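**Q** So the protein lines, in turn, are chains A and B.
As numbered in the UniProt record's numbering, residues 1 to 434 make up the first sequence, in order.
As numbered in the UniProt record's numbering, residues 1 to 434 make up the second sequence, in order.
Beta carbons are placed, not taken as given, at the ideal position from N, Cα and C, and that holds for glycine.
Bear in mind the structure is a predicted one, so any value in this text is a computation, not a measurement.
There are 2 protein chains.
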Amino acid sequence: MKIEKVGIVGLGTVGTGTLKILINEREKIHQKTGVWIDVKKACDLNIEREFDFDVDRSIFTNNYNELIEDDEISIIVELIGGYTIAKDIIIKALKAGKNVVTANKALIAKYSKELFAIANSNGTKIYYEASVGGGIPIITPLQESLAGNNILSIKGIINGTANYILTEMTEKNIEFEKVLKKAQELGYAEADPTFDIEGIDTAHKITILASLAYGGYVDFEKVGVKGITSITGEDIKFANDLGYNIKLLATAKKYEDEEIEVRVQPTLISQKEILSNVNDVYNAIEVIGDYVGKTMFYGKGAGMEPTGSAVVADVIKLATEDLANNIPKGNYYYNINKELSLRALEKSISKYYIRLNVKDEIGTLAFVTNKFKDNNISIESMIQTCKSFDDNKFVSLIFITHDVLEADLKKSLDEIYISENVNVEKSILLKIDE
Amino acid sequence: MKIEKVGIVGLGTVGTGTLKILINEREKIHQKTGVWIDVKKACDLNIEREFDFDVDRSIFTNNYNELIEDDEISIIVELIGGYTIAKDIIIKALKAGKNVVTANKALIAKYSKELFAIANSNGTKIYYEASVGGGIPIITPLQESLAGNNILSIKGIINGTANYILTEMTEKNIEFEKVLKKAQELGYAEADPTFDIEGIDTAHKITILASLAYGGYVDFEKVGVKGITSITGEDIKFANDLGYNIKLLATAKKYEDEEIEVRVQPTLISQKEILSNVNDVYNAIEVIGDYVGKTMFYGKGAGMEPTGSAVVADVIKLATEDLANNIPKGNYYYNINKELSLRALEKSISKYYIRLNVKDEIGTLAFVTNKFKDNNISIESMIQTCKSFDDNKFVSLIFITHDVLEADLKKSLDEIYISENVNVEKSILLKIDE
Chain A
1 MKIEKVGIVG LGTVGTGTLK ILINEREKIH QKTGVWIDVK KACDLNIERE FDFDVDRSIF
61 TNNYNELIED DEISIIVELI GGYTIAKDII IKALKAGKNV VTANKALIAK YSKELFAIAN
121 SNGTKIYYEA SVGGGIPIIT PLQESLAGNN ILSIKGIING TANYILTEMT EKNIEFEKVL
181 KKAQELGYAE ADPTFDIEGI DTAHKITILA SLAYGGYVDF EKVGVKGITS ITGEDIKFAN
241 DLGYNIKLLA TAKKYEDEEI EVRVQPTLIS QKEILSNVND VYNAIEVIGD YVGKTMFYGK
301 GAGMEPTGSA VVADVIKLAT EDLANNIPKG NYYYNINKEL SLRALEKSIS KYYIRLNVKD
361 EIGTLAFVTN KFKDNNISIE SMIQTCKSFD DNKFVSLIFI THDVLEADLK KSLDEIYISE
421 NVNVEKSILL KIDE
Chain B
1 MKIEKVGIVG LGTVGTGTLK ILINEREKIH QKTGVWIDVK KACDLNIERE FDFDVDRSIF
61 TNNYNELIED DEISIIVELI GGYTIAKDII IKALKAGKNV VTANKALIAK YSKELFAIAN
121 SNGTKIYYEA SVGGGIPIIT PLQESLAGNN ILSIKGIING TANYILTEMT EKNIEFEKVL
181 KKAQELGYAE ADPTFDIEGI DTAHKITILA SLAYGGYVDF EKVGVKGITS ITGEDIKFAN
241 DLGYNIKLLA TAKKYEDEEI EVRVQPTLIS QKEILSNVND VYNAIEVIGD YVGKTMFYGK
301 GAGMEPTGSA VVADVIKLAT EDLANNIPKG NYYYNINKEL SLRALEKSIS KYYIRLNVKD
361 EIGTLAFVTN KFKDNNISIE SMIQTCKSFD DNKFVSLIFI THDVLEADLK KSLDEIYISE
421 NVNVEKSILL KIDE
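What follows is the structure, given as structure tokens:
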């Protein structure tokens, strides 16, 4: 039985999410991986806060050295953010022989050279899946799943705040300053929103992705960066009229001469592209590889639990790596000793689309609608088409239902299909997913 | 220096793609992972075929036992497909102490219980990333990156043939039979398309994903399956009019009573959903986790190179797993010894959106357009707005350029911005990405 002791430094949004998942899902993670992951200590300046989950308060401390000096702790999770004290803590942890997990994109983008070298020379590791795309798995897929590919380009909408602002400006026709204020009230933007709206946070993230993709490191200071502050409602309106949406887009691209172009700027993206329809606080990263073609990874780019989910993935990765020889990596198999109990489809509740091919005779519509009524099938809308081309005695009746029980619907259709006026072969029932 | 010897059985579409990547990218994969992966033998009934890449023909054999009996080969890649001989080969390989990589979803969906048990009892592994979603990384992200989550639901468009047919029916208003014929001519559908159009292939794949997500196995025979053969152009038209697209959707969902609903059926999906806009041979899988929220994985669901890319990822995974203690897994670090050469942004070529805030005076438009002309800036379209609200002496001139060199554009704008008639502060330049 393997037990991995973890220390978390920083209990802000992401730290709290990480702590919550590690505590609440301890048993599940053990089932999946065979490892018990215990948070032994958690450090924050304010350790008096309340949490919406049960936590043994004896783990809290406001002295991070307690975590670094604890020989039982093998993984330090740094979730303070920023350049200064976070960097000191990571370096101390690596030098103390501990592996590190962080969501700190600013630090990785600016100091990867220094930090990776310290990790290497101490035989320790630093993982940072949560630094880009919040909860979206991107670093592991890019490095492992696309390992056979040469990456041709990366395009990303990777700042939730900027994307929320642009989405609101687009959908509600509000000017930048007003939306920013609303975003701050809702907690989607910070009191000092500079990093988000000026593209700096986005630049940190594309610096990391480009470095991983192109087998070297990108000097963050040289990345071309432009933010969204000068975009007006007029620009958005004209862009929309011309078939585009405006997004803060990070791009990295390799040219034939091996030069890499890395930039962040507001960009008009054709509305036909999926990237153009990534809205609100969602992020998406499109990666084009020479063999795999176009792939895209989409999800919530920030927030307590999504980002915590990515931090936990790295913790699990570290905790299970030295088990790799014994068990299939990452529980690649499913549990063949337990057959899952499949739910009867009749219990499902959904909206449905029904097309009935019926004889164009008086009373048919009444017959059908009565059968629906008898079986609790509530109809949202109905269309009767003109006569069919192939048989002018038949017409299509199209119904959209409200949410109904599939068993009820099947029963009503069984009763309807008995009628000689209904051509069952040419009728159809389709689920609606909204 | 680690060398991993691989044997490939089956040189059809995916087998050829896999062989091509392993041969052409051998050096790159070594750089990334530290392992040399050598294809020692490749088996197919027809070994006389020509390939569009260089290959040492002495590796070919038509006797798969040669691979199984070769003690140097540690990984067998099974790419024959189907239930019969492929299964025998995998079992023999596992019993011979070899790890197996396969893209065979039918086999994994139906015989996981038997195959995983044999792998376990022989201390060998069987990996199958390529079995679902072709080149899209989904099995590794689902199992590793979302490991801290309870999976609430999975929705997938995971059959390229069915999705191509429905997309063509939607966009070109053609009936099912005609599109199927065209798909067969283009090689997007097989001579016997039953598995694809009746939803069976999709059911194999959702069986695998549901089993992985819910900690047990799903009996494939119990999955509810309905194909797309009875969908008419009329259904598609009405669905579109009502704001939906019709897709062959696979779903897996966990209910509060722990029952799992797994089904495959044509479904109307709201056009506002990204899934609804996954077209042609593309696949997408939406996974909702309790912490991460909604995530989506998108890419090419089939084809020689995309699927080969996923097979190669599994081969690399196996080849590097026992290195896990020595190097960061999957090359998690980038190369801090090599600064990447960043391309000057001025060398970039793109379409642009330009909004100039200009004094509404005779000659301004001519001045601006001449500057564009002088600098090789070709204009695709131009709009002049009514007067601004805030200053009625100024108007907006909006230009969409053709592809232009960024250096030329910057120069033209520098020349334009000198003019007193242009309010630089209120003007903007945005890239266009189509």
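Do B:S270 and A:E321 have their C-beta atoms closer together than 8 Å?
**A** no
**Q** Residues in its own chain within less than 6 Å of residue 486 of chain A by CB, not counting five upstream and five downstream?
**A** Nothing about residue 486 of chain A can be reported from this structure: the residues present for chain A run from 1 to 434 only.
**Q** Is the CB-CB distance between B:I90 and B:V315 below 8 Å?
**A** Taking 8 Å as the Cβ cut-off, B:I90 and B:V315 do not qualify as a contacting pair.
**Q** Within this structure, are the beta carbons of B:G299 and B:N283 separated by less than 8 Å?
**A** For B:G299 and B:N283, yes; Cβs fall inside 8 Å.
**Q** Taking only three categories from DSSP, how would you classify B:D414?
**A** Three-state DSSP puts B:D414 in a helix.
**Q** By how many angstroms is the C-alpha of A:Q265 removed from the C-alpha of A:D241?
**A** Straight-line Cα distance between these residues: approximately 21 Å.
**Q** Just checking: is the beta-carbon of B:N149 within a distance shorter than 8 Å of some beta-carbon in chain A?
**A** yes
**Q** Could you pull out every residue in the same chain whose Cβ sits closer than 7 Å to the Cβ of A:Y164, ignoring the five residues on either side in sequence?
**A** A183, Y188, D280 and V281
**Q** I want to see whether chain A comes within less than 8 Å of B:N283, judged by CB atoms only; does it?
**A** no
**Q** Please state whether DSSP places B:G7 in a helix, a strand or coil.
**A** strand
**Q** Under 7 Å between beta-carbons, which chain B residues line up against A:A319? List them in chain order, please.
**A** Near A:A319 there are no residues of chain B at all, since even the closest Cβ is about 10 Å away, more than 7 Å.
**Q** Counting Cβ pairs, one atom from each stretch, are 3 or more of them under 8 Å apart for the segment 115-127 of chain A and the segment 344-363 of chain A?
**A** no
**Q** Determine, using beta carbons only, whether A:G289 comes closer than 8 Å to chain B.
**A** yes
**Q** Kindly identify the DSSP beta-bridge partner or partners of A:K98.
**A** Looking at the DSSP assignment, A:K98 forms no beta bridge with any residue, so it has no partner.
**Q** Where B:K178 and B:G135 are concerned, what is the direct C-alpha to C-alpha distance, given to the nearest angstrom?
**A** Counting only the Cα atoms, B:G135 lies some 28 Å from B:K178.
**Q** In this structure, what does DSSP give as the bridge partners for B:Q384?
**A** B:L397
**Q** For B:G17 versus B:M382, is the C-beta spacing smaller than 8 Å?
**A** no
**Q** Hey, quick one: how far does the alpha helix (DSSP H) through B:E66 stretch, first residue to last?
**A** Unbroken alpha helix (DSSP H) run through B:E66: N65 to I68.
**Q** Mind listing, in chain order, the continuous alpha helix (DSSP H) runs of no fewer than 4 residues lying wholly within the segment 183-262 of chain A?
**A** Counting whole runs of 4 or more residues, the segment 183-262 of chain A contains the alpha helix (DSSP H) stretches 194-197, 200-213 and 233-241.
**Q** Under 7 Å Cβ-Cβ, which residues of chain A neighbour B:Y111?
**A** Chain A residues near B:Y111: none, gap ~10 Å exceeds 7 Å.
**Q** So, do the segment 95-106 of chain B and the segment 121-132 of chain B have three or more beta carbon pairs nearer to each other than 8 Å?
**A** yes
**Q** Less than 7 Å between the CB of A:A189 and some heavy atom of the ligand ADP, yes or no?
**A** What this structure holds is no ligand at all, so the ligand ADP is not there to describe.
**Q** By the three-class DSSP mapping on this structure, what secondary structure does B:A324 have?
**A** A caution first: B:A324 carries a pLDDT of 49, below 50, which makes its placement in the model unreliable, though a value can still be read off. Reduced to three states, the DSSP call for B:A324 is coil.
**Q** Taking the CB atoms as reference points, tell me whether B:A93 and B:I68 lie closer together than 8 Å.
**A** yes
**Q** What are the residues that DSSP puts in a beta bridge with B:D56?
**A** Note: B:D56 sits in no beta bridge, so no partner.
**Q** Hey, is A:F176's beta-carbon within less than 8 Å of any beta-carbon in chain B?
**A** no
**Q** Helix, strand or coil, according to DSSP, for A:Y164 in the structure here?
**A** In this structure, A:Y164 counts as helix in the three-state DSSP scheme.
**Q** Using the Cα positions of B:V225 and A:G12, report the straight-line distance between them to the nearest angstrom.
**A** 46 Å
**Q** Find the residues of chain A that neighbour B:N277, judging by a C-beta separation of less than 8 Å, and give them in chain order.
**A** Near B:N277 (Cβ distances below 8 Å), the residues of chain A are I274 and N277.
**Q** Using Cβ-Cβ distances below 9 Å, what residues of the segment 134-146 of chain B are close to chain A?
**A** Listed in chain order, the positions of the segment 134-146 of chain B with a beta carbon within less than 9 Å of a beta carbon of chain A are G134, G135, I136, P137, I138, I139, T140, P141, L142, Q143, E144, S145 and L146.
**Q** Does the Cβ-Cβ distance between residue 435 of chain A and A:I73 come in under 8 Å?
**A** Beyond the ends of chain A as shown, which are 1 and 434, falls residue 435 of chain A; an answer cannot be given.
**Q** Of the residues that make up the segment 257-273 of chain B, which ones have a beta carbon closer than 8 Å to any beta carbon in chain A?
**A** So the list reads E258, E259, I260, E261, V262, R263, Q265, P266, T267, L268, I269, S270 and E273, given in the order they occur along the chain.
**Q** For the alpha helix (DSSP H) that contains B:S419, what are its first and last residues?
**A** DSSP places B:S419 outside any alpha helix (DSSP H), giving it a letter other than H or E.
**Q** Give the interface partners of A:D235 over in chain B, defined as CB-CB distance under 8 Å, in chain order.
**A** Neighbours of A:D235 on chain B, chain order: Y353, R355, I428 and L430.
**Q** Count the other C-beta atoms from every protein chain shown that fall within 10 angstroms of the C-beta of B:A263, then say buried if there are 16 or more, exposed otherwise.
**A** Residue 263 of chain B is actually Arg in this sequence, not Ala. When all chains shown are included, B:R263 counts as buried.
**Q** What's the C-alpha gap between A:V223 and A:T229?
**A** So the two alpha carbons sit approximately 18 Å from each other.
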